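S.K.:
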Amino acid sequence: MAAADLGAVHPKQSAETQAQTQEAFLSTSPPAVAGDLPVEPPPFFSSLAEFIQALSDFCVARGEAPTQALLVRDKTFTLSEIFELFKAIAAEGGFEKISPAKWDSVCAAVGVDENLREPLKETYMRDFRSFDKHTHEAPRRTRRKPRASQYRAPQHTRTNSFCEKILAKRPELELIVARHLPGISVEPFFALYSTKETDMASTRSSLREGLRQAPRINQPFIPDTAPVRQTRSGNAPNTLPGTPSGQTPNSHYAGIDGSNMAGGQSNIDNFEGKDNKQVPMSTRDVATPGNKPDLFANSNLKDSKQPDFYDFYYPLTYLEVPRSTSIYKRVHFGLQSGLRDEVDFALYHLVQMSDQRGDKFRFEGFPLLMETLMEKALEITELCTGIKWELERDQYKWPEKRHRPNVLNTLWGTHDILDRINKLPVILPDDTLETDEFCHHLQNIKDATLVLRNMCMLPENAIFIASFAKGLLRDFLVVMLNIPKQSRLNELRNDALDIAEEVTKYLPTAIDDPLRVSLYSYINSDDRAHVIRSLWAITHFSTELEGVQNNAMLGVSHDHLVHLFSYTLLKPDPEILNGAMDFWYQFTLIPENVTRLIDVVNIKTVFIPRLIALLSYEAQLEYNETVLQEEKIAPPPSTIPKVPPELLAELMELSEPERSSKWLRCCFVEDPDCEITQIALWQAYQTRFVNPQQPNSGVLPAAEFIKNVSTTFTNAQAQVVPIPGSVAGSGGPTTRFIIKGIRPLETALTFDKWPYLYCKWITGSGSQHCDRAFSKPEDLRSHVFEDHMSLQRTDQPGHYKLEKASEPIHKCLWDNCPRIKRVGPSADTSMVVEHVASAHLPQPRDPNAQPPTHEREILQPRIVRRWDYWNTPINSSGEPVGVAYKACLVLRNLAWNLPNEKSEKHGNMSFRKSVFLSRRNAIINAWDINRSLRLALTDLLLITENLDD
Numbered sequence: 001m002a003a004a005d006l007g008a009v010h011p012k013q014s015a016e017t018q019a020q021t022q023e024a025f026l027s028t029s030p031p032a033v034a035g036d037l038p039v040e041p042p043p044f045f046s047s048l049a050e051f052i053q054a055l056s057d058f059c060v061a062r063g064e065a066p067t068q069a070l071l072v073r074d075k076t077f078t079l080s081e082i083f084e085l086f087k088a089i090a091a092e093g094g095f096e097k098i099s100p101a102k103w104d105s106v107c108a109a110v111g112v113d114e115n116l117r118e119p120l121k122e123t124y125m126r127d128f129r130s131f132d133k134h135t136h137e138a139p140r141r142t143r144r145k146p147r148a149s150q151y152r153a154p155q156h157t158r159t160n161s162f163c164e165k166i167l168a169k170r171p172e173l174e175l176i177v178a179r180h181l182p183g184i185s186v187e188p189f190f191a192l193y194s195t196k197e198t199d200m201a202s203t204r205s206s207l208r209e210g211l212r213q214a215p216r217i218n219q220p221f222i223p224d225t226a227p228v229r230q231t232r233s234g235n236a237p238n239t240l241p242g243t244p245s246g247q248t249p250n251s252h253y254a255g256i257d258g259s260n261m262a263g264g265q266s267n268i269d270n271f272e273g274k275d276n277k278q279v280p281m282s283t284r285d286v287a288t289p290g291n292k293p294d295l296f297a298n299s300n301l302k303d304s305k306q307p308d309f310y311d312f313y314y315p316l317t318y319l320e321v322p323r324s325t326s327i328y329k330r331v332h333f334g335l336q337s338g339l340r341d342e343v344d345f346a347l348y349h350l351v352q353m354s355d356q357r358g359d360k361f362r363f364e365g366f367p368l369l370m371e372t373l374m375e376k377a378l379e380i381t382e383l384c385t386g387i388k389w390e391l392e393r394d395q396y397k398w399p400e401k402r403h404r405p406n407v408l409n410t411l412w413g414t415h416d417i418l419d420r421i422n423k424l425p426v427i428l429p430d431d432t433l434e435t436d437e438f439c440h441h442l443q444n445i446k447d448a449t450l451v452l453r454n455m456c457m458l459p460e461n462a463i464f465i466a467s468f469a470k471g472l473l474r475d476f477l478v479v480m481l482n483i484p485k486q487s488r489l490n491e492l493r494n495d496a497l498d499i500a501e502e503v504t505k506y507l508p509t510a511i512d513d514p515l516r517v518s519l520y521s522y523i524n525s526d527d528r529a530h531v532i533r534s535l536w537a538i539t540h541f542s543t544e545l546e547g548v549q550n551n552a553m554l555g556v557s558h559d560h561l562v563h564l565f566s567y568t569l570l571k572p573d574p575e576i577l578n579g580a581m582d583f584w585y586q587f588t589l590i591p592e593n594v595t596r597l598i599d600v601v602n603i604k605t606v607f608i609p610r611l612i613a614l615l616s617y618e619a620q621l622e623y624n625e626t627v628l629q630e631e632k633i634a635p636p637p638s639t640i641p642k643v644p645p646e647l648l649a650e651l652m653e654l655s656e657p658e659r660s661s662k663w664l665r666c667c668f669v670e671d672p673d674c675e676i677t678q679i680a681l682w683q684a685y686q687t688r689f690v691n692p693q694q695p696n697s698g699v700l701p702a703a704e705f706i707k708n709v710s711t712t713f714t715n716a717q718a719q720v721v722p723i724p725g726s727v728a729g730s731g732g733p734t735t736r737f738i739i740k741g742i743r744p745l746e747t748a749l750t751f752d753k754w755p756y757l758y759c760k761w762i763t764g765s766g767s768q769h770c771d772r773a774f775s776k777p778e779d780l781r782s783h784v785f786e787d788h789m790s791l792q793r794t795d796q797p798g799h800y801k802l803e804k805a806s807e808p809i810h811k812c813l814w815d816n817c818p819r820i821k822r823v824g825p826s827a828d829t830s831m832v833v834e835h836v837a838s839a840h841l842p843q844p845r846d847p848n849a850q851p852p853t854h855e856r857e858i859l860q861p862r863i864v865r866r867w868d869y870w871n872t873p874i875n876s877s878g879e880p881v882g883v884a885y886k887a888c889l890v891l892r893n894l895a896w897n898l899p900n901e902k903s904e905k906h907g908n909m910s911f912r913k914s915v916f917l918s919r920r921n922a923i924i925n926a927w928d929i930n931r932s933l934r935l936a937l938t939d940l941l942l943i944t945e946n947l948d949d
């Protein structure tokens, strides 16, 4: 502490000088005060246990939870690693004296990665700075074992021993100051310790009045953690640097102002035995949820304990089982607890999870879950009979309990479980009046069965439950399938049949298997769903077991076979029909079953014809076309039609751009396979409407006109296409600008979409046509009869005088008509007029007639040949599926397994051949129209053709 006073006298001295001075000063032990224990220097932790204990005591004194580890990003620093870091920091003088460069060297020494050094510094500063500061600047005071001499009466002659030791170090301190601070005098510093013994003693004794009394030897010191309001005054000294708020300042600093050495000397010299300065009270911040919420975030943290591992109550006292946050584990353990609220909670959530997350909810991840659910479902017997099943899993205890009717061998399955069920009296009434307890219990049983049903829909769960709980599974299904036939229990039967459908694939069976017997009892049920599910479960037996035969097809009763044949007649119900055909396919695979079938149903006249009729079941009509001649269409016209004067006059009355749109619609039509060059279209437009002599003869600019083409025809597109065979850089054009999607018409159209009618009467001596255009057929007829044939009108409109001419002057000159060459001129006016009117001139239009479609002429029609087929549906791999394919397979099994012995009853041929020979044409017809079944029907026909006589 005196070193600090020296620094106050010479504030400009170097840190190194102060450090050496303080080191020389601290090497002197402080004196022991009468009635007080000696104070040890700052402790050095020699072991990890000592460090942990000191850290724990410090945190407890501050009202904080002990620090167990430091989490820096994704790296966790344990207490052993923190201890190594603490020792490295202590070697540098404490955390407060470490510079950034030294921090990197300290971290490198203990093996901390570079990317974690700065975050570790911030975390260490937050969690360990107060402990580090307490350890280095305010060391713990511990009691030594007192010597006998310490219990003697206090000797006042040792009061000034500390000052004497300081004065004894004067030569060393003078050398240090002369070496580092030449010209600086140390007289003021040593003058402080040259006071009289009485003054020093009185000063020390008076300053000790503000300190706490030493506790008794056997009484541990418990610090007061309650907040204390500090009274401040202008005369109170400030808290000295380097002194923690929770520590009492040293006695040498209590009455000395370090900033004024002379003042300090004056205070000692003028000391009157009473200190007027008030010593500040010790205060400490107490951690509360308000000022430090991070310390109270984890309420499960507890103080470190020293457990006794040999104590019988150690697991209950010290081990902490954290509450699981996984809903899966919560419901798993809650169901096994048997507590009503927990069971209700578990079953409710299990139903939701098995339905929504069934693809990830598996039995193998939750031990005893399937057993607990089945045990819960088996409580239905207790509701119906009042007797609870006792499940025995020990094969050695089973012989001792097998005589009791309510005990089940859940390890291998109870072979006489049907007899045990029949012995239990049913006490469940048929009415629907239920108590709240009964309703709640029944709902739990339904939920447990529903969870099993949902989970067994996943193949992995079905395999797991059939492999590891086969005995309990069989008994569970048998009990559920044999519950009383009441409507409120129908849901349980449906779920049990669904479970059986999924798990029987992995279960073997036998003729006397209780599960097989129970499933066959539903074949005659009035419930369609029960019939379908039981058929699927029966046909699925052992299908996924390698080398195991489906023994459920053996020993089928006569009554069941009759019902199953009747199901093949239910054509409107494809599900029952599919299930029945699955059964018949597996049943006819066994020759003994086919022999029995002859006595059950008339195979030749009933069974075989029904199977052949089913070959066309759900057949789909498909066409197969073969093109014999491709279609040829006339090429589009190469020229744009000319505009008749009548149409041109109407167009000139319009303004642009409406006029160009009307012209385009009258001369062009949409055709996705045709095109025209933009330059040809633009030139034709200019030729038609650029005439300075006519009013309103202006035209659109080229860009706007091309844009107007696309506006007029929605499918027309302006494109730039390469010229075939052109080479870039050759000097010639390489691209063409076209309008795709339109073609020119042969003749222009009126505004009403009717084509103009041109007169093709040859005028003059040459072959030039008249070429006048008319919008109506009546106008063209009048023009030909009056202008070219010189006929006279009658009073009736559209009629002409047809008297014979005096000489043969009438002839047909319509477009080189061959009649003129074959007959020549004629005087019979009516004959020539009738020929021209009927052969060349159009007839008058119907007022309600629609304009014709302007399609290109078909030069050669398309000729195809089509075949109709009724094909059976196929799957993605091309294999036929459905009832028809199964019927074909049943026919093939019958052709293999029917008796082959000859009999006079069948015309000295085998029964098998007589059956199929009479139906050979029907099978061939089915082969012809059903291409999907041709492969299977070909096998059937080959078998029947190779039958021995």
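Here the sequence shown stands for residues 1 to 949, numbered as in the UniProt record's numbering.
Backbone N, C-alpha and C fix where the C-beta goes; we use that ideal spot for every residue, glycine too.
Note that the coordinates shown come from a computational prediction; the quantities given were computed from them, not determined experimentally.
In terms of alpha-carbon separation, which member of L535, K902 and L347 lies closest to S914?
M.R.: Nearest option by C-alpha distance: K902.
S.K.: Spatial neighbours of A529 within its chain, please: C-beta separation below 7 angstroms, excluding the five flanking residues on both sides.
M.R.: Result list for A529: N494, in chain order.
S.K.: State whether the stretch 923-941 contacts the stretch 614-634, with contact taken as three or more CB pairs (one from each stretch) at a distance under 8 angstroms.
M.R.: Contact between the stretch 923-941 and the stretch 614-634 is present, because at least three Cβ pairs lie under 8 angstroms.
S.K.: Compute the Euclidean distance between the alpha carbons of I863 and V627, then round it to the nearest angstrom.
M.R.: Distance between the alpha carbons of I863 and V627 is about 6 angstroms.
S.K.: May I have the straight-line CA-CA distance separating T435 from R340, to the nearest angstrom?
M.R.: Taking the straight line from one Cα to the other gives about 17 angstroms.
S.K.: Using a Cβ-Cβ cutoff of less than 7 angstroms, which residues in the same chain neighbour T78 once the five nearest sequence positions on both sides are dropped?
M.R.: The residues are A69.
S.K.: Looking at the unbroken beta strand (DSSP E) that takes in W103, where does it start and where does it end?
M.R.: Unbroken run through W103 is the alpha helix (DSSP H), P100 to V110; no beta strand (DSSP E).
S.K.: Would you kindly report the start and end of the unbroken alpha helix (DSSP H) that includes R330?
M.R.: Run containing R330: I327 to S337, per the alpha helix (DSSP H) assignment.
S.K.: In this structure, how does DSSP classify W389 when only helix, strand and coil are distinguished?
M.R.: Three-state result, W389: coil.
S.K.: Considering only DSSP beta bridges, list what F668 is partnered with.
M.R.: F668 is bridged to P744.
S.K.: Within a Cβ cutoff of 6 angstroms, which residues of the same chain sit near R420, ignoring the five residues on either side of it in sequence?
M.R.: Excluding residues within five positions, the ones whose Cβ falls inside 6 angstroms are P405.
S.K.: With the cut-off set at 7 angstroms, would you say P508 and V548 are in Cβ contact?
M.R.: In this structure, V548 lies closer than 7 angstroms to P508 by Cβ.
S.K.: Considering only residues of the same chain and omitting the five flanking positions on each side of A500, which have a CB-CB separation below 6 angstroms?
M.R.: The residues are L477 and A537.
S.K.: Does N300 come out as helix, strand or coil in the three-state DSSP assignment?
M.R.: With a pLDDT of only 49 at N300, under the threshold of 50, the placement of this residue in the model should not be trusted; the figure read from the coordinates follows. N300: coil per DSSP, three-state reduction.
S.K.: Would you tell me roughly how many angstroms separate the C-alpha atoms of L859 and P797, rounded to the nearest one?
M.R.: L859 and P797: Cα-Cα distance of roughly 40 angstroms.
S.K.: Say whether the stretch 582-594 touches the stretch 621-640, bearing in mind that this needs 3 or more beta-carbon pairs closer than 8 angstroms, one atom from each stretch.
M.R.: In short, these stretches do not touch, since the Cβ pair count stays below three.
S.K.: Between N461 and the rest of its own chain, which residues show a CB-CB distance below 7 angstroms, the 5 nearest in sequence each way excluded?
M.R.: Hits under 7 angstroms: R362, F363 and M455.
S.K.: Thinking C-beta only, is P641 closer than 7 angstroms to T747?
M.R.: Cβ atoms of T747 and P641: closer than 7 angstroms.
S.K.: Within 10 angstroms of its Cβ, does P514 collect 16 or more other Cβ (buried), or is it exposed?
M.R.: Buried, by the Cβ-count rule.
S.K.: Could you say which of V426, R688, P635 and A684 lies nearest to E650 if we only look at CA atoms?
M.R.: E650 has its Cα closest to that of R688, out of V426, R688, P635 and A684.
S.K.: Nearest-angstrom Cα distance between R73 and A54?
M.R.: Cα to Cα, the separation comes out at about 27 angstroms.
S.K.: CB-CB under 8 angstroms to T639, same chain, minus the five flanking residues each way: which ones, in chain order?
M.R.: Hits under 8 angstroms: P744.
S.K.: Going by other Cβ atoms of all chains shown within 10 Å of its Cβ, with 16 needed for buried, is K121 buried or exposed?
M.R.: That one is buried.
S.K.: Among the candidates L621, L749, I603 and I679, whose CA atom is the shortest distance from the CA of S661?
M.R.: Closest by alpha carbon: L749.
S.K.: Rounded to a whole number of angstroms, what is the C-alpha to C-alpha distance between A718 and A680?
M.R.: Rounded to the nearest angstrom, the two C-alpha atoms are 13 angstroms apart.
S.K.: So, for A88: in the same chain, excluding its five sequence neighbours on each side, which residues have a beta-carbon less than 8 angstroms away from its beta-carbon?
M.R.: Taken in chain order, the residues that qualify are V106, A109 and V110.
S.K.: Under three-state DSSP, which class holds D868?
M.R.: In the structure shown, D868 sits in a strand (DSSP, three-state: E or B).
S.K.: Would you decide whether M125 is buried or exposed? Buried here means 16 or more other CB atoms lie within 10 Å of its CB.
M.R.: With fewer than 16 other Cβ atoms within 10 Å, it is exposed.
S.K.: Quick check on this structure: which residue in M480, V721 and I742 has the alpha carbon closest to the alpha carbon of P733?
M.R.: Looking at the Cα atoms, V721 is the closest of the given residues.
S.K.: Opposite S826 in the DSSP bridges: which residues?
M.R.: In DSSP, S826 forms a bridge with H810.
S.K.: What is the residue span of the alpha helix (DSSP H) that E625 lies within?
M.R.: That residue, E625, is in no alpha helix (DSSP H); its beta strand (DSSP E) goes Q620 to Q629.
S.K.: Whole angstroms is fine: what's the gap from L535's alpha carbon to S518's?
M.R.: Rounded to the nearest angstrom, the two C-alpha atoms are 12 angstroms apart.
S.K.: Count Cβ pairs between the stretch 835-846 and the stretch 884-902 that sit closer than 8 angstroms; are there 3 or more?
M.R.: Segments in contact, no.
S.K.: Mind checking whether I465 and A377 have CB atoms under 7 angstroms apart?
M.R.: No, the pair does not count as a contact, with Cβ atoms beyond the cut-off.
S.K.: Which ranges would you report for the alpha helix (DSSP H) in the stretch 427-510 if only whole runs of at least 4 residues count?
M.R.: Counting only runs of 4 or more, we get 436-456, 459-468, 470-481 and 490-503.
S.K.: Taking all protein chains shown into account, do 16 or more other C-beta atoms lie within 10 angstroms of the C-beta of G183, making it buried, or fewer, making it exposed?
M.R.: Classification for G183: exposed.
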